[in-house]
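Notes for the one structure printed next.
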Amino acid sequence: MSVPHLLCVSGGPQGKRFLIGPEGVRIGRDPTNTVQISDPEASRFHAEVTLRENGLWVQDTGSRNGVFVNDRRVTSSKSISPGDRVTIGAHVFTVELIEPEDEEHTVDLSSLMPPPSPARPLWPILAAVVALLAVAAGLILSGR
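Residue 6 is where the sequence shown starts when you use the working numbering, and the numbers rise one by one after that.
Okay, here's the thing in structure tokens:
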């Protein structure tokens, strides 16, 4: 099964691949990012690439100069596919799917999927609705 990566084809870490795992890939100048780039056009926390159930997505995380996919500016988030170019300042990354035998180690893609979000309990909402109905019934019965 293929594993998603970003390959830096232009800019600082040129030639380096970054695995897009369950935590995603954060890109920017800040050293806590997965991909730290030294670029005056990049914000500290510029963009994030995530693996979702419906594919890969890139999101501008509030950058000043924008994120571009295939030379088009991303306004919030955009689905990306293998071969797409993601540009941040002078840095260009391409989206790749790499077969496990092409890597030094294999990764099961299902282990890369984020865990499902826990369902919120409905009882607080139902309790609030019942309380509002009780207040309304009390007002109606008291003649107000």
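All residues carry an ideal CB built from backbone N, CA and C; glycine is no exception. Keep in mind that this is a model prediction, so the values were computed, not measured.
According to the DSSP secondary-structure assignment, residue 62 is paired through a beta bridge with 55, 84. Assignment of residue 143 by DSSP, reduced to helix, strand and coil, places it in the helix class.
For residue 21, same chain residues with a beta-carbon under 8 Å away, outside a window of 5 residues either side, are 12, 13 in chain order. Just so you know, the alpha carbons of residue 84 and residue 142 end up roughly 50 Å apart.
Annotation: residue 39 to residue 132 spans about 43 Å, alpha carbon to alpha carbon. Closest in C-alpha terms to residue 28, from the list 55, 138, 63, 17, comes 55.
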